[in-house]
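Just so we're on the same page, the numbering used here is the position in the sequence shown counted from 1, plus 421. Glycine included, every Cβ here is placed at the ideal spot set by N, Cα and C.
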Amino acid sequence: MRYPDGSSYQPAGHSLTNQPISNQQGTASFAKRGMKLEEMINKSNQWYLNRKLAVIHKKPTPIQIVKVDYPKRSRAVIREAYYRQASTTDYNGIYQGYYLDFEAKQTNQKTRFPLHNIHSHQLRHMGQCEDQGGITFTIIYFASLGQAYLYPYQDLFRDWQASQADGAKSISLAKIKDCGYEIPRRISPHLDYLAAVDQLIADRQAGR
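Rendered as structure tokens:
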């Protein structure tokens with residue numbers, strides 16, 4: 422989890438002064454940085470926080486420490502630890518009065534997203550959040566393509582249910598493009614996923 426780093430507040434509107442970078446330039450830029458999805462989201466969250474646009478953080482995963490060694494008095498080394506419970510989703514927070522709760526998944530596949538990356542307890546948690554008026558989704562990042570998409574919970578749940586009934590075990594990129602929202606890549610924020618959230622909210626309000 423990253424907290425405010427003391428950067429001065431800049432009253433810039435969401436995505437008003439940060440222009441998208443071209444696909445070719447963006448792909449090369451991200452490849453050069455070697456950023457993984459989690460790092461891009463964390464940096465974007467810090468950018469949103471600094472501008473008072475949203476408060477979104479990565480959830481800490483509680484662990485049970487079993488064995489610790491002390492090779493030096495000033496340093497402890499954890500030798501054995503276990504997760505106390507299965508994690509739900511990766512991120513949560515507040516954006517313009519909306520509770521957001523979402524998972525982040527990265528794949529090296531070019532045409533499909535494997536559904537074995539999604540677990541039943543995660544979908545159960547997302548559904549419970551939706552029942553309380555929250556907005557839940559998965560950010561799917563195709564690393565080899567440099568493309569990221571916001572995929573709504575409702576679509577993901579239907580796909581997962583079908584996979585459990587001997588249906589397709591993955592979601593095609595074409596379907597993700599059709600049912601989801603492409604996330605703009607910018608110099609700052611790195612992944613402007615709130616722009617995709619805005620589209621999702623607008624579609625829900627319009628009954629789409």
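**Message:** Quick check on the burial criterion: 16 or more other C-beta atoms within 10 angstroms. Buried or exposed for I561?
**Reply:** buried
**Item:** Same chain only: Cβ atoms within 6 Å of S584, ignoring 5 sequence neighbours per side
**Value:** L536 and K590
**Prompt:** Do you know whose CA, among Q543, E501 and S593, lies nearest Y570's CA?
**Reply:** S593
**Message:** Quick check on the DSSP output: the beta strand (DSSP E) that includes G514 runs from which residue to which?
**Reply:** Y512 to Y516
**Message:** When you measure from the CB of H542 to every non-hydrogen atom of the ligand FAD, does any distance come out below 8 Å?
**Reply:** Among the components of this structure there are no ligands whatsoever, and the ligand FAD is therefore not found.
**Message:** Going by DSSP, what residue range makes up the beta strand (DSSP E) through H546?
**Reply:** It is not in any beta strand (DSSP E) - H546 instead sits in the alpha helix (DSSP H) that spans S541 to D552.
**Asked** Residues in its own chain within less than 7 Å of A642 by CB, not counting five upstream and five downstream?
**Response** Residue coverage of the chain in this structure runs from 422 to 629, which leaves residue 642 outside it and unanswerable.
**Item:** For I477, the residue or residues it bridges with in DSSP
**Value:** G514
**Asked** Using the C-alpha atoms, what's the distance from G588 back to A616?
**Response** 32 Å
**Message:** Check for me: the alpha helix (DSSP H) holding R625 runs from which residue to which?
**Reply:** Y614 to Q626
**Item:** First and last residue of the uninterrupted beta strand (DSSP E) at L521
**Value:** Y519 to T528
**Item:** Straight-line gap, F563 to K596 (C-alpha atoms, nearest Å)
**Value:** 14 Å
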